[in-house]
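Residue numbers (UniProt numbering): 1 to 311.
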């Protein structure tokens, strides 16, 4: 195995991880693998069309106990995993001003995330959600108790309680940086994608996952709306932008606009085919939804786990 420095998607059997993180099969070996009977040439992705660009160092990651750590000296970046619901939270900050934003925090990991913020000497300016989650209780309300100047934010369309009700085109600034708000409903009626243009990345929540997407059969979801949202608001970003989802259940950490436009097994289909696929998923009722939804509509301060309810 050799490390691919071109950041190629590494083949159908090694899905999603960027080459700077994962030691991947070189392109020549991928071609040989798929022409030896596993896949025909007609089924191969258009590897030759992927852009062979060396990405900036802010997208080169190393492992830490808490997640992936950005090496760009101009930013603070942490990708943090909550293992019960396989939820990714993201800490981004300007190291000069120390202003920070935490995206999709989970209440069980608030102690860990708070410690990271304090250890790095950051000021948590915002704790924000991509949508009203159904599989965990948000940590935004409890974080506001830990950091009194912190403001919570969520889509206005979600009708959830928060300090800031976001809409299309809004900006959340932290130091010299900003996150652009793009409305991407469909998984729920109040989904948001946060775009960090300066660092060529976006946080897609459950609207777009690595080789997948969020379900559309509850919380005012709509397959047609989700398809339109992804194609108009996420796939319209530059192809090299790195996309960070709110969940992954296979260990993948990120993807790119170009990869998903070429390889997403659902969203590369026509809208009619996509709607049919989503209708036939027949997914089970979410285990945590009856606890999570009421709590998340009030910033996570209802139906708290016992260890937090006394705080």
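A virtual CB, placed ideally from N, CA and C, is assigned to each residue, including glycine.
query, result
"What are the partner residues of residue 243, as DSSP defines its beta bridges?", "202, 255"
"Please confirm whether residue 126 and residue 172 have their CB atoms less than 8 angstroms apart.", "yes"
"Assuming residue 220 and residue 271 make a contact with CB atoms under 8 angstroms, what is their CB distance in whole Å?", "That pair is no contact at about 19 angstroms."
"Give the secondary structure of residue 319 by DSSP, where H, G and I count as helix, E and B as strand, and everything else as coil.", "One cannot answer for residue 319 here, as it falls past the ends of the chain, which runs 1 to 311."
"Which value, in whole angstroms, describes the spacing of the CA atoms of residue 93 and residue 267?", "32 angstroms"
"Do the segment 87-101 and the segment 118-136 make contact, defined as three or more Cβ pairs closer than 8 angstroms?", "yes"
"Would you tell me roughly how many angstroms separate the C-alpha atoms of residue 214 and residue 207, rounded to the nearest one?", "5 angstroms"
"Could you name each continuous alpha helix (DSSP H) segment of 4 residues or more that falls completely within the segment 94-164, going from the start of the chain to the end?", "110-119, 140-146"
"What residue from 192, 243, 97 has the CA that sits closest to residue 129's CA?", "192"
"State buried or exposed for residue 164, treating a residue as buried only when at least 16 other CB atoms are found within 10 Å of its CB.", "exposed"
"Evaluate residue 258 with the Cβ neighbour count: other Cβ atoms within 10 Å of its Cβ, from every protein chain shown; 16 or more gives buried, anything less gives exposed.", "buried"
"Just to confirm my understanding: we take residue 154, look at its own chain, exclude 5 residues before and 5 after, and list those with CB closer than 6 angstroms. What are they?", "129, 160, 162"
"Can you have a look at residue 250 and say buried or exposed, based on whether 16 or more other CB atoms are within 10 angstroms of its CB?", "exposed"
"Report yes if the CB atom of residue 85 is closer than 8 angstroms to the CB atom of residue 136, and no otherwise.", "yes"
"Can you tell me where the alpha helix (DSSP H) with residue 276 in it begins and where it stops?", "271-279"
"Under the three-state reduction of DSSP, which class applies to residue 183: helix, strand or coil?", "strand"
"Just the C-alpha distance for residue 269 and residue 145, rounded to the nearest angstrom, thanks.", "45 angstroms"
"Can you tell me whether residue 87 is helix, strand or coil according to DSSP?", "strand"
"Should residue 352 go down as buried or exposed, given a rule of 16 or more other Cβ atoms within 10 Å for buried?", "Residue 352 lies beyond the stretch modelled for the chain, which goes from 1 to 311, so this question has no answer here."
"How close, in whole Å, do the beta carbons of residue 107 and residue 138 come, if the pair is a contact with beta carbons under 8 angstroms?", "7 angstroms"
"Are the beta-carbon atoms of residue 296 and residue 133 separated by less than 8 angstroms?", "yes"
"In chain order, what residues of the same chain have a beta carbon less than 6 angstroms from the beta carbon of residue 109, not counting five sequence neighbours either side?", "82"
"How about residue 181 and residue 168: are their beta carbons less than 8 angstroms apart?", "yes"
"Please report the straight-line C-alpha distance between residue 101 and residue 290, rounded to a whole angstrom.", "28 angstroms"
"Is the closest heavy atom of the ligand HEM to the C-beta of residue 168 under 7 angstroms?", "Looking for the ligand HEM in the displayed structure turns up nothing, as the structure carries no ligands at all."
"Using the beta-carbon count (16 or more within 10 Å), is residue 148 buried or exposed?", "exposed"
"Hey, how far is the Cα of residue 255 from the Cα of residue 231?", "16 angstroms"
"By Cβ distance below 7 angstroms, which residues in the same chain neighbour residue 278 in space, the five residues on each side in sequence not counted?", "216, 223"
"Nearest CA to the CA of residue 188: which residue from 156, 151, 105, 76?", "156"
"Measure the CB-CB distance between residue 242 and residue 201 and report whether it falls below 8 angstroms.", "yes"
"Just tell me which of 141, 204, 234, 233 has its CA closest to the CA of residue 300.", "141"
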